[in-house]
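A.B. asks: Got a structure for you, questions after.
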Amino acid sequence: MTEPVAGFSKFSKEEKIEWLSNRYLNNDKEATKVLKQYWNEDYKLQQLHDEFTENTISNFYLPFGLAPNFLINGKLLAIPMAIEESSVIAAASKAAKFWGTRGGFKAEVLNMNKIGQVHFIYNGDSGKLQRFFETLKPQLLKAVKPITKNMEKRGGGVLGIKLRDKTADLKNYYQLHCNFDTRDSMGANFINSCLEKFAEVLQNEAQKFADFTAEEKDIEILMSILSNYVPECIVRAEVSCPLDELSDDPEMDGQEFADKFLRAIRIAEIEKYRAVTHNKGIMNGVDAVVLATGNDFRAVEAGIHAYAAKDGEYTSLTHATVENGIFRFWMEIPLALGTVGGLTSLHPLVKLALQILQTPSAEDLMKIVAVAGLAQNFAAVKSLITTGIQQGHMKMHLMNILNQQQATPQEKEIIVDYFRNNTVTHSSVIAQLEKIRQQ
Ligand code: MEV
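As structure tokens, this is what we get:
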């Protein structure tokens, strides 16, 4: 067995690659070339990317695409999306165009309340802890003033602190459950800094609280961390139109389309195998915009899926009704996003994405992201209940295969034409290409 590497993070980039090549890539010159070919020749830009994270040896590109024609609350936007999956941007653009002629998307932020918790162990009388907490609360708020001062100027800050008794679930376990408004920043650093300060003050003040016994004074802080579950930071996106405007398919009227659509949504509401895939389609749109705008898509994913299971069963995030001849399709999701701080002022493409979106506030961005998710879901369900999903996917897949095979523009044209009425499979595309090449 080979020895673990020591001091890897201290190696230069060249040394890291050399070590990697030696240890795992049989000194393959091609592999090293691949890594280096993604380096940016602009030294400063490369250094910026290197420093976003640790042990950077190269860059990992994702396509940065644009879905135009999104009419959101009367404003026409082009939405930047960072995503590798084919069909997603095409589907978003199609849905945008469809709803653009039917009143567009309506979006509204319902609340913007984020949560963080100090988890601690207190071995003693809970009534006494509650009394201590009442005296502690103003001290907690005072102690974080240096952190919250600027946030308060922007209209945010600490909204509330509650003591929660969780001893029924875990022996001696309590929490400071705190609410924050972080305005245009995602707020992770702000919240975590406040929480760590709360924890410090809690521990110190407990030592001084006269009513506590020696054991009660010894509060053990377990952890202080924001929650990525933000069920009070909700945005709603919606589309609606009269039934007779709903179908753009000459073979299906609005009523039939709505019947099928509503049943498809109902299935996602009651059947979790479908719900997960259904919601995954929503996340295709959500993540792509979240990523393009430099936000934390892992946090968003975790929070949204937890929200989808908030009533005890994992279910659809979108819902649809037909009432008085009006088709309505909507979604409410939790989104903790930022348009200042973090990558937003550092990553050139993120800055550009925000510029494309006309410098949105966090609230504006929440609306845009929710609309992208709703549009994605509409497009996916529309395809599923009409042509099936593979038609669009395979068209894109066809292009990928042709590019892999280095097909010429003429070859592409002939083959795309052929597959208009034939089923795309990897082998059938290769066979067709070979046939043309032999001719
Ligand atoms: C594929 O990335 C997403 C879909 O599976 C979503 C859905 O089934 O609703 C098409």
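All residue numbers for the sequence shown refer to the working numbering, where the first residue is 1483 and numbers rise by one.
All C-beta atoms, glycine included, are put in the ideal place defined by N, C-alpha and C.
With H, G and I counted as helix, E and B as strand and the rest as coil, what does DSSP make of residue 1715?
C.D. replies: Here residue 1715 refers to the residue found at position 233 of the sequence shown. In this structure, residue 1715 counts as coil in the three-state DSSP scheme.
A.B. asks: Could you check how far apart the C-beta atoms of residue 1776 and residue 1816 are, in whole angstroms? I think they sit under 8 Å.
C.D. replies: Looking up residue 1776 in the sequence shown gives position 294. Looking up residue 1816 in the sequence shown gives position 334. Not really, about 19 Å apart at Cβ, beyond 8 Å.
A.B. asks: What does residue 1667 pair with, by DSSP beta-bridge criteria?
C.D. replies: If you number the sequence shown from 1, residue 1667 lands on position 185. Its beta-bridge partners are 1822.
A.B. asks: May I ask you to verify whether the segment 1596-1610 touches the segment 1690-1700, counting CB pairs closer than 8 Å and requiring at least 3?
C.D. replies: Result yes; three or more Cβ-Cβ pairs closer than 8 Å.
A.B. asks: Using the rule of at least 16 other Cβ atoms within 10 Å of the residue's Cβ for burial, across every protein chain shown, is residue 1860 buried or exposed?
C.D. replies: Counted from its first residue, the sequence shown places residue 1860 at position 378. Buried.
A.B. asks: Among the residues of its own chain, which have a CB less than 8 Å from the CB of residue 1706, if the five just before and after it don't count?
C.D. replies: Mapped onto the sequence shown, residue 1706 falls at position 224. The residues are 1598, 1599, 1600, 1601, 1674, 1677, 1678, 1680, 1681.
A.B. asks: Ligand 1 and residue 1762: does the residue's C-beta get closer than 7 Å to at least one heavy atom of that ligand?
C.D. replies: In the sequence shown, residue 1762 corresponds to position 280, counting from 1. Answer for residue 1762: yes, Cβ within range of ligand 1.
A.B. asks: Measuring only from the beta carbon, is residue 1856 closer than 7 Å to any heavy atom that is part of ligand 1?
C.D. replies: Along the sequence shown, read from residue 1 onward, the residue named residue 1856 stands at position 374. Every heavy atom of ligand 1 is 7 Å or more from the Cβ of residue 1856, so no.
A.B. asks: Tell me the residue span of the beta strand (DSSP E) that contains residue 1783.
C.D. replies: Translated into the one-based positions of the sequence shown, residue 1783 becomes position 301. Careful: residue 1783 lies outside any beta strand (DSSP E), inside the alpha helix (DSSP H) at 1779-1790.
A.B. asks: Where DSSP assigns a beta bridge to residue 1597, which residues make up the other side?
C.D. replies: As a first step, residue 1597 is located in the sequence shown; it is residue number 115 there, counting from the start. For residue 1597, which the question treats as bridged, DSSP gives the partners 1661.
A.B. asks: According to DSSP, which residues form a beta bridge with residue 1676?
C.D. replies: For the purposes of this step, residue 1676 is taken as the residue at position 194 of the sequence shown. DSSP lists no partner for residue 1676.
A.B. asks: For residue 1866, which of 1885, 1850, 1907, 1750 has the nearest alpha-carbon?
C.D. replies: The sequence position of residue 1866 within the sequence shown is 384, counting from 1. The candidate whose alpha carbon is nearest that of residue 1866 is 1750.
A.B. asks: Determine the direct distance from the alpha carbon of residue 1814 to that of residue 1801, and round the result to whole angstroms.
C.D. replies: For the purposes of this step, residue 1801 is identified with residue 319 of the sequence shown, where counting begins at 1. For the purposes of this step, residue 1814 is identified with residue 332 of the sequence shown, where counting begins at 1. Whole-angstrom Cα-Cα distance: 9 Å.
A.B. asks: Assuming residue 1849 and residue 1570 are in contact, meaning their beta carbons sit under 8 Å apart, how far apart are those beta carbons, in whole angstroms?
C.D. replies: As a position in the sequence shown, residue 1849 is number 367, starting the count at 1. As a position in the sequence shown, residue 1570 is number 88, starting the count at 1. Residue 1849 to residue 1570, Cβ: 19 Å. No contact.
A.B. asks: In the DSSP assignment, the alpha helix (DSSP H) including residue 1648 goes from what residue to what residue?
C.D. replies: Against the sequence shown, residue 1648 aligns to sequence position 166. Counting along the chain, residue 1648 falls outside any alpha helix (DSSP H), and DSSP gives it neither H nor E.
A.B. asks: Indicate whether residue 1642 and residue 1661 have their beta-carbon atoms separated by less than 8 Å.
C.D. replies: Stepping through the sequence shown from its first residue, residue 1642 is reached at position 160. Stepping through the sequence shown from its first residue, residue 1661 is reached at position 179. Yes. Within cutoff.
A.B. asks: Can residue 1712 and residue 1624 be called in contact, C-beta distance under 8 Å?
C.D. replies: Here residue 1712 is taken as the residue at index 230 of the sequence shown, counted from 1. Here residue 1624 is taken as the residue at index 142 of the sequence shown, counted from 1. Against a cut-off of 8 Å, the Cβ pair of residue 1624 and residue 1712 comes out as no contact.
A.B. asks: What's the C-alpha gap between residue 1649 and residue 1554?
C.D. replies: Walking along the sequence shown from the start, residue 1649 turns up at place 167. Walking along the sequence shown from the start, residue 1554 turns up at place 72. So the alpha carbons of these two residues sit roughly 47 Å apart.
A.B. asks: Of the residues 1644, 1778, 1545, which one's Cα is nearest the Cα of residue 1613?
C.D. replies: Within the sequence shown, numbered from 1, the residue matching residue 1613 stands at position 131. Of the listed residues, the one whose Cα sits closest to residue 1613 is 1644.
A.B. asks: How should residue 1482 be labelled, buried or exposed, when 16 other C-beta atoms within 10 angstroms of its C-beta is the threshold for buried?
C.D. replies: The displayed coordinates of the chain run from 1483 to 1921. Any statement about residue 1482 would go beyond what the structure contains.
A.B. asks: Quick check: the Cα distance between residue 1740 and residue 1581, rounded to an integer number of angstroms?
C.D. replies: Looking up residue 1740 in the sequence shown gives position 258. Looking up residue 1581 in the sequence shown gives position 99. Cα-Cα distance, rounded: 15 Å.
A.B. asks: Do residue 1560 and residue 1838 have their C-beta atoms within less than 8 Å of each other?
C.D. replies: Numbered from its first residue, the sequence shown carries residue 1560 at position 78. Numbered from its first residue, the sequence shown carries residue 1838 at position 356. Yes.
A.B. asks: What span of residues does the alpha helix (DSSP H) with residue 1614 cover, start to end?
C.D. replies: Here the question's residue 1614 lines up with position 132 in the sequence shown. Unbroken alpha helix (DSSP H) run through residue 1614: 1608-1625.
A.B. asks: Residue 1792: which of 1714, 1829, 1824 sits nearest, CA to CA?
C.D. replies: Start at 1 with the first residue of the sequence shown, and residue 1792 comes out as number 310. Considering only alpha carbons, the answer is 1714.
A.B. asks: Within this structure, are the beta carbons of residue 1666 and residue 1767 separated by less than 8 Å?
C.D. replies: Here residue 1666 is taken as the residue at index 184 of the sequence shown, counted from 1. Here residue 1767 is taken as the residue at index 285 of the sequence shown, counted from 1. No, Cβ-Cβ distance for residue 1666 and residue 1767 is not below 8 Å.
A.B. asks: I need the straight-line Cα distance from residue 1633 to residue 1805, nearest angstrom please.
C.D. replies: Here residue 1633 is taken as the residue at index 151 of the sequence shown, counted from 1. Here residue 1805 is taken as the residue at index 323 of the sequence shown, counted from 1. The straight-line gap from Cα to Cα measures roughly 44 Å.
A.B. asks: Would you mind sorting residue 1798 into buried or exposed? The rule is 16 or more other CB atoms within 10 Å of its CB.
C.D. replies: If you number the sequence shown from 1, residue 1798 lands on position 316. Buried: at least 16 other Cβ atoms inside 10 Å.
A.B. asks: Just tell me which of 1780, 1729, 1795, 1731 has its CA closest to the CA of residue 1755.
C.D. replies: Counted from its first residue, the sequence shown places residue 1755 at position 273. The shortest C-alpha separation from residue 1755 is found at 1795.
A.B. asks: I want to check one thing, is the minimum distance from the CB of residue 1863 to the heavy atoms of ligand 1 below 7 Å?
C.D. replies: Numbered from 1 along the sequence shown, position 381 holds the residue referred to as residue 1863. Indeed, a heavy atom of ligand 1 lies less than 7 Å from the Cβ.
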